[in-house]
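This report concerns only the one structure given below.
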Amino acid sequence: MDPWGYHLVNILLHAAVTGLFTNFSRILFGDGYWTLIAGLLFASHPIHTEAVAGIVGRADIGACLFFLLSLMCYVKHCSTRSSSSRTWGWILGAGLCAGCSMLWKEQGVTVLAISAVYDIFVFHRLKMHQIIPALYKRKNLNLFFSIGLLTSWGTALLGVRLYWMGNKPPSFSNSDNPAADSDSFLTRMLTFLYLPTKNLWLLFCPDTLSFDWSMDAVPLLKAVSDWRNLHTVAFYAGLFLLAYFSLKGSSNERECNEKSIMNGKQNANGHSCHSEMEYKTVEGKSSFASKEENGIKKHEILKLQLPSTENIVILSLSLLIVPFIPATNLFFYVGFVIAERVLYVPSMGFCLLVTVGVRALYVKAQKRFLKNLVFCSTAALIVFYGLKTVVRNGDWQNEEMLYRSGIKVNPAKAWGNLGNVLKSQSKISEAESAYRNALYYRSNMADMLYNLGLLLQENNRFSEALHYYKLAIGSRPTLASAYLNTGIILMNQGKTEEARRTFLKCSEIPDENLKDPHAHKSSVTSCLYNLGKLFHEQGHYEDALTVYKEAIQKMPRQFAPQSLYNMMGEAYMRMSRLPEAEHWYVESLRSKSDHIPAHLTYGKLLALTGRKSEAEKYFVKAIQLDPTKGNCYMHYGQFLLEESRLIEAAEMAKKAAELDNTEFDVVFNAAHMLRQASLNEEAEKYYEMAAGLRPNYPAALMNLGAILHLNGKLKEAEENYLLALQLKPDDVITQSNLRKLWNIMEKQGLKTSKT
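Here the sequence shown stands for residues 4 to 758, where the numbers follow the numbering used here.
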């Protein structure tokens, strides 16, 4: 699959979000450099690389797109609330876009809170001490009606989201969020308080980025003496002071706003007390409108008032903090320590804070040199962010580069994922080294122990594979796939009782509180399938059927049931319950119409019940589905043999042996069919091949001797009979054949071994 198209869509979405964000910044900063700076900061910030470069990050970009659309609709609602009947269409659009944003990602619903902050602190320019008195003023009815609508809609959206989640938080493994699994309240509290500090630092200085911050990437804070607590204290103190002074405002502005009305345009006393930095003129000029009052013509400068610095800071802090709250573990534990893509929406608040800070420094600077310094420093920051984004984007070119880039931050996870990539590239030794490196950093990773075991199993190192599967089970007793592969290895090694216990234990694992319940159910179903096969091979068909039925009850929707249904049919067929057998063969073919084993077994049943022509169609169809499968030719050959079509049967057998020339049973049966078709010379060839595959198997040597005997190669026949008797001295048939051979050899005057 070519990822180019996915990346292009993400880039276009990021461009759209950047455009919307810049347009929103224009409402706060007006036309000019400050809006441009805010847009460039957002467009170039390296923290966005994960969201834009990875397909999973599209959820964050989409949520941010509708977040901004909702916010812009609400801004329009505020500006038209007192003068247009269409204002409620805008608030409806804001609500719908908020719902869409939440559908992309849960944090999208927080736009409703941001809209309320905008309405109160930016549009109406209220201070904290003015909010309560404003409740009693009739002229603010529209304001609080809008806030009420936002609150009601937000509550409804959260209720629906919780219902979809089953009214319980998501489950995740302990390594995804180690602090959540800690028994110490102090550790959980200190770590969770520190994590927002770490996230803010990534926004300030995104020098070290990683695709994964789980496990030990951020060590737990276990004691008050941990020096990182100083960062936590400084962060919350700075945040509190910034919020306090922004909400309080300057004493001069507080005096001006004592009688502020709530329409966001003017003061009750008719006077304005804002600096010239907080105005913008239409199209950059003063526009003059003339009007006559009592016959006197007057001119007024129509200026559009911009929010104060304090109000922008309040909104910026809200944008930074509120969308991040779901990731703080405050209401429920989340399945990550730090996720860079989660900062996509909060980064808007950060970019606004940086811009308003730079603007404040620029205005405060009295000398041209200092103003240039501020401007150049800001430009350098944007360039640094842009270059870092380019470099980081290189890490996302492919999986191998991405995982190698994360080794410094999260070596255990990075090495493990790198092992998977190297394995997919058939670099087996390098993959094994990567898995072992991952386990060096974190020895109890069940997934990594399992992956190493699987690698070893696939390379026929079964004893080592068993060792790692057992370690994986010890690390995570609910890892059903490890039980499955352990049972399969034990079954192939002939340790049937141990395999049976393993499969049974797997089937008893509860499917609650699992990271991937669907994969777990699939593995449990496979365990029951293999347990049924084990009973089937032992001749316990009733037990096999009982297990198969349990597997059918437990199998998840995505499980492919064709093999299970086919084995059900085989069990019933062995019990001579042919109607039930036919039902399950048909079910197997219905679930997967090209399932070759079901074609073969159903063909055998049809032949057994006298429907010969229909049976032959299924055998031929099986060969057509996969002409490279020798087993299909062999089954068809056996059918033809039963129909006394000996030459055709021999041809099918030869084809099967040519395709599966390392399979003893196929080669041996081919030799039998050729012999029955009186093609003794060719039969001799395949008996020799069979004896070469199993040189210590008495039946192979005896049959080779017999065909050599028939072909007149008496000396070679005697040698093979004798070898067979060395392996199985009491074999009556071989003894009888050898005596007959000696009689012939004596009549021909040939020397025998007994003489």
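Just so you know, even glycine gets a beta-carbon here, dropped at the ideal spot from N, CA and C.
Inter-residue Cα distance where the pair is residue i and residue j
{"i": "Met571", "j": "Val163", "result": "43 Å"}
{"i": "Glu547", "j": "Gly111", "result": "According to the sequence as given, residue 547 is Ala; it is not Glu. C-alpha separation (whole angstroms): 52 Å."}
{"i": "Lys370", "j": "Ser350", "result": "31 Å"}
{"i": "Arg231", "j": "Leu193", "result": "9 Å"}
{"i": "Ile410", "j": "Lys391", "result": "18 Å"}
{"i": "Asp215", "j": "Val386", "result": "26 Å"}
{"i": "Phe538", "j": "Met637", "result": "25 Å"}
{"i": "Arg61", "j": "Ser249", "result": "34 Å"}
{"i": "Leu644", "j": "Gly535", "result": "31 Å"}
{"i": "Phe622", "j": "Ala653", "result": "15 Å"}
{"i": "Glu685", "j": "Cys530", "result": "43 Å"}
{"i": "Ala659", "j": "Lys688", "result": "14 Å"}
{"i": "Leu323", "j": "Ala46", "result": "16 Å"}
{"i": "Ala680", "j": "Leu649", "result": "5 Å"}
{"i": "Thr200", "j": "Arg504", "result": "50 Å"}
{"i": "Val285", "j": "Leu242", "result": "For Val285, the pLDDT reaches just 35, beneath the cut-off of 50, and the residue's location in the model is therefore unreliable, although a value from the coordinates is still provided. Their Cα atoms are separated by approximately 35 Å."}
{"i": "Leu153", "j": "Asp122", "result": "11 Å"}
{"i": "Ala673", "j": "Lys657", "result": "6 Å"}
{"i": "Leu780", "j": "Thr211", "result": "Past the boundaries of the shown model lies residue 780; the chain is included only from 4 to 758, so the question cannot be answered."}
{"i": "Asp597", "j": "Ala618", "result": "16 Å"}
{"i": "Ser213", "j": "Asn420", "result": "13 Å"}
{"i": "Glu1", "j": "Ala19", "result": "Given that the chain is displayed from residue 4 to residue 758, the structure contains no residue 1 and the question cannot be resolved."}
{"i": "Leu741", "j": "Val669", "result": "26 Å"}
{"i": "Lys718", "j": "Ala693", "result": "19 Å"}
{"i": "Phe335", "j": "Asn180", "result": "12 Å"}
Assigned exposure category for residue i - 16 Cβ within 10 Å defines buried
{"i": "Arg439", "result": "exposed"}
{"i": "Phe24", "result": "buried"}
{"i": "Ser647", "result": "exposed"}
{"i": "Ala383", "result": "exposed"}
{"i": "Asn297", "result": "Caution applies to Asn297, whose pLDDT of 39 falls short of 50 and renders its modelled position unreliable; the model cannot decide the point."}
{"i": "Gly267", "result": "Since pLDDT at Gly267 reaches only 40, below the 50 mark, its modelled position is unreliable, and the value read off the structure follows with that caveat. Counting Cβ neighbours within 10 Å, Gly267 comes out buried, since at least 16 surround it."}
{"i": "Gly752", "result": "exposed"}
{"i": "Ala240", "result": "exposed"}
Same chain, Cβ closer than 6 Å to residue i, five either side skipped, listed in chain order
{"i": "Ser253", "result": "Because Ser253 carries a pLDDT of 42, less than 50, the predicted location of this residue cannot be relied on, and the following value inherits that uncertainty. None."}
{"i": "Ser321", "result": "Ile117, Val120"}
{"i": "Asn706", "result": "Tyr690"}
{"i": "Glu467", "result": "Leu459"}
Own chain residues within Cβ distance below 8 Å of residue i, not counting five before or after
{"i": "Gly762", "result": "In the structure as shown, the chain starts at 4 and stops at 758, and residue 762 therefore has no counterpart that could be examined."}
{"i": "Ser187", "result": "Lys225"}
{"i": "Met558", "result": "Lys524, Ser525, Thr528, Pro564, Leu567"}
{"i": "His737", "result": "Note on identity: in this sequence residue 737 is Thr, with His being the wrong assignment. Answer for Thr737: Pro701, Met705, Gly708, Tyr724, Ala727, Leu728, Lys731, listed in chain order."}
{"i": "Leu677", "result": "Ala653, Ala656, Lys657, Asn683, Glu685, Ala686, Tyr689"}
{"i": "Ser155", "result": "none"}
Pair within 8 Å by beta-carbon distance, residue i and residue j
{"i": "Phe465", "j": "Ser525", "result": "no"}
{"i": "Asp663", "j": "Gly640", "result": "no"}
{"i": "His17", "j": "Val59", "result": "no"}
{"i": "Ile492", "j": "Leu507", "result": "no"}
{"i": "Arg479", "j": "Ala522", "result": "no"}
{"i": "Trp107", "j": "Thr358", "result": "no"}
{"i": "Leu355", "j": "Ile315", "result": "yes"}
{"i": "Met105", "j": "Leu160", "result": "yes"}
{"i": "Tyr544", "j": "Arg577", "result": "yes"}
{"i": "Asn3", "j": "Ile64", "result": "The structure shown does not extend to residue 3, since the chain is modelled only from 4 to 758, so the question has no answer here."}
{"i": "Ser427", "j": "Arg128", "result": "no"}
{"i": "Phe378", "j": "Tyr388", "result": "no"}
{"i": "Glu343", "j": "Ile50", "result": "yes"}
{"i": "Asn413", "j": "Thr52", "result": "no"}
Cβ-based neighbour list, residue i, same chain, cut-off 7 Å, excluding 5 preceding and 5 following
{"i": "Val424", "result": "Glu402, Glu403, Tyr406"}
{"i": "Tyr588", "result": "Asn569, Gly572, Ala601, Thr604, Tyr605, Leu608"}
{"i": "Lys624", "result": "His602"}
{"i": "Ala720", "result": "Gly708, Leu711, His712, Leu744"}
{"i": "Thr381", "result": "Ile40, Val361"}
{"i": "Ser185", "result": "Arg191, Leu223"}
{"i": "Asp514", "result": "Pro520, His523, Lys524"}
{"i": "Leu196", "result": "Thr235"}
Open item on the list: Using a Cβ distance threshold of 8 Å, determine whether the segment 54 to 74 contacts the segment 332 to 351, with at least three qualifying pairs required.
Closed with: With a cut-off of 8 Å, the segment 332 to 351 and the segment 54 to 74 count as touching, because enough Cβ pairs lie within range.
Open item on the list: Check whether the segment 21 to 35 and the segment 370 to 379 touch, using three or more Cβ-Cβ pairs below 8 Å as the test.
Closed with: Too few Cβ pairs lie closer than 8 Å, so no.
Task: Any 3 or more C-beta pairs closer than 8 Å across the segment 709 to 717 and the segment 735 to 747 - done: Touching, per the Cβ criterion.
Open item on the list: Under 8 Å: do the segment 431 to 451 and the segment 233 to 250 share three or more Cβ pairs, one atom per stretch?
Closed with: Using a Cβ-Cβ distance cut-off of 8 Å, the segment 431 to 451 and the segment 233 to 250 are not in contact, since fewer than three pairs of beta carbons, one from each stretch, lie closer than that value.
Open item on the list: For the structure I just gave you, are there three or more beta carbon pairs, one from the segment 127 to 137 and one from the segment 83 to 96, closer than 8 Å?
Closed with: In this structure the segment 127 to 137 does not lie against the segment 83 to 96, because fewer than three pairs of beta carbons, one per stretch, are closer than 8 Å.
- [ ] Report yes or no: do the segment 323 to 333 and the segment 5 to 17 share at least 3 C-beta pairs separated by less than 8 Å?
- [x] Using a C-beta cut-off of 8 Å, the segment 323 to 333 makes no contact with the segment 5 to 17, since fewer than three inter-stretch Cβ pairs fall below that distance.
TODO: Check whether the segment 443 to 456 touches the segment 469 to 483, counting contact only when three or more Cβ pairs, one atom from each stretch, lie closer than 8 Å.
DONE: Judged by Cβ distances under 8 Å, the segment 443 to 456 makes contact with the segment 469 to 483, as three or more pairs qualify.
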